[in-house]
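Structure record follows, encoded as structure tokens.
Number of protein chains: 2
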Amino acid sequence: MDNQDIRKAGLKVTLPRIKILELLENNTQRHVSAEDVYKMLLDKGEEIGLATIYRVLTQFETAGLVTRHNFEGGHAVFELDRGGHHDHMVCMVCGKVEEFIDTTIEKRQREIAKEHGFEMVDHSLIIYGHCGNPKCKVGY
Amino acid sequence: MDNQDIRKAGLKVTLPRIKILELLENNTQRHVSAEDVYKMLLDKGEEIGLATIYRVLTQFETAGLVTRHNFEGGHAVFELDRGGHHDHMVCMVCGKVEEFIDTTIEKRQREIAKEHGFEMVDHSLIIYGHCGNPKCKVGY
DNA sequence: ACTTGCAATGAAAAAGATTCTCATCATCAT
DNA sequence: ATGATGATGAGAATCTTTTTCATTGCAAGT
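So the protein lines, in turn, are chains A and B. Per my numbering, residue 512 is the first one in the first sequence, and the count goes up by one each step. Per my numbering, residue 512 is the first one in the second sequence, and the count goes up by one each step.
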């Protein structure tokens, strides 16, 4: 039950929060900006303010329901936390995002942090490149 | 000669560009925002516009003289490209930035990209955590 | 079901970062 | 030296995100 997730986060179960969580769960593209969420909900006929989207997404992030990514482009994107951590691969042409996880890299990161006297809390690995689509290859 | 770097980038050698490059070379903190550069140059008595800072930093980035990072915090930071690529480790409390490079991770990244049909062009790896300073440990 | 406190909301304003416009000025090849 | 072209500064504009504040709605207790 999603509503329980909201309640567990110490937040009241309100319509905007339910709608935002539903959208994050059902939307085809997993990485969306606040603006994206706003427009999609408006398109669905919901009445909601952009400020609420930002507030709720930040609360969801604090609660660990959602992760915020600072990809290139001047705006943050949000993604529903489906249990497992993973890293990202972004196509610089079409913007396609692939997710991956690699134990070798994960392990090395912890080691490197320790070597530098750091205690790793989180990390962000983003590979930028050209995806398999021929239109995204160099030369076009 | 720095000015040659500017010229090689196809840019005219102007006072603002020289001053910005000098600052990036001599400043103690290697990661600075456009606003940082602006204030530092003003403090040094230089007359320069913020718009110019943004323009020049973007040009330097395009020319490969400078790298732009999208760390957390809503604004980009820039760093002089001193030849070698490297990744970052950021203290979530004091903001300290350490640099590192690890061949194991570098190699794996290329492999992973290929496995997903991507051709890697660039990447960004940022480890967030608590640095060695006792004040930055959990519990404070 | 009814009240009521406190959190949540929407709209608009504000703040912060970055880009754009445009008139003026400086660089550099000739 | 000089002229074409690119570069600059100031401010306006744009874009993203946060804040303010009056109003509304949830939820705990009756």
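Where is the CB? At the ideal position from N, CA and C, for every residue including glycine.
Measure the C-alpha to C-alpha separation of residue i and residue j and round it to an integer number of angstroms.
| i | j | result |
| --- | --- | --- |
| Glu572(B) | Ile637(B) | 19 Å |
| Lys618(B) | Lys523(A) | 47 Å |
| Glu546(B) | Tyr565(B) | 9 Å |
| Gly628(B) | Gly560(B) | 44 Å |
| Gln515(B) | Cys642(A) | 36 Å |
| Leu532(B) | Asp513(B) | 8 Å |
| Gly521(A) | Glu536(A) | 20 Å |
| Thr615(A) | Ile616(B) | 8 Å |
| Gly585(A) | Pro645(B) | 34 Å |
| Val632(B) | Arg518(A) | 43 Å |
| Leu568(A) | Thr525(B) | 45 Å |
| Val604(A) | Ala587(B) | 21 Å |
| Gly606(A) | Asn538(A) | 17 Å |
| Glu626(A) | Glu626(B) | 30 Å |
| Glu622(B) | Glu630(B) | 10 Å |
| Gln540(B) | Glu558(B) | 22 Å |
| Gln570(A) | Gln570(B) | 37 Å |
Judging by CA-CA distance, which residue of the options is the nearest neighbour of residue i?
| i | options | result |
| --- | --- | --- |
| Lys648(A) | Glu609(A), Cys602(A) and Val632(A) | Cys602(A) |
| Leu463(B) | Cys642(B), Leu522(B), Leu553(B) and Gly521(B) | Residue 463(B) is absent from the model: chain B starts at 512 and stops at 651. |
| Glu583(B) | Lys625(B), Lys555(B) and Ser635(B) | Ser635(B) |
| Pro527(B) | Gly521(B), Ala545(B), Val543(B) and Thr563(B) | Thr563(B) |
| Lys530(A) | Tyr549(A), Gln540(A), Arg541(A) and His542(A) | Tyr549(A) |
| His542(B) | Asp598(B), Glu626(B) and Thr525(B) | Asp598(B) |
| Ser544(B) | Glu630(B), Asn581(B) and Glu626(B) | Asn581(B) |
| Gln620(A) | Ala587(B), Met600(B), Gln540(B) and Gln570(B) | Met600(B) |
Which residue comes first and which comes last in the alpha helix (DSSP H) that contains residue i?
| i | result |
| --- | --- |
| Met631(B) | Element bounds for Met631(B): not the alpha helix (DSSP H) but the beta strand (DSSP E), Glu630 to His641. |
| Arg566(A) | Leu561 to Ala574 |
| Glu488(B) | The shown model of chain B, from 512 to 651, leaves out residue 488(B), and the question about it has no answer. |
| Glu617(B) | Thr614 to Glu626 |
Beta strand (DSSP E) containing residue i: first to last residue?
| i | result |
| --- | --- |
| Met600(B) | Asp598 to Cys602 |
| Thr578(B) | Val577 to His580 |
| Val524(A) | Here Val524(A) belongs to no beta strand (DSSP E), and DSSP marks it neither H nor E. |
| Glu609(B) | Val608 to Phe611 |
| Glu590(B) | Val588 to Leu591 |
Quick test of your reading: residue i and residue j, contact by CB under 8 Å. State the CB separation rounded to the nearest angstrom.
| i | j | result |
| --- | --- | --- |
| Gly640(A) | Ala624(B) | 6 Å |
Pairing CB atoms from the stretch 589 to 600 of chain A with CB atoms from the stretch 572 to 581 of chain A, are three or more of them under 8 Å? yes
For the 8 Å Cβ check, are there 3 or more pairs between the stretch 544 to 564 of chain A and the stretch 599 to 613 of chain A? no
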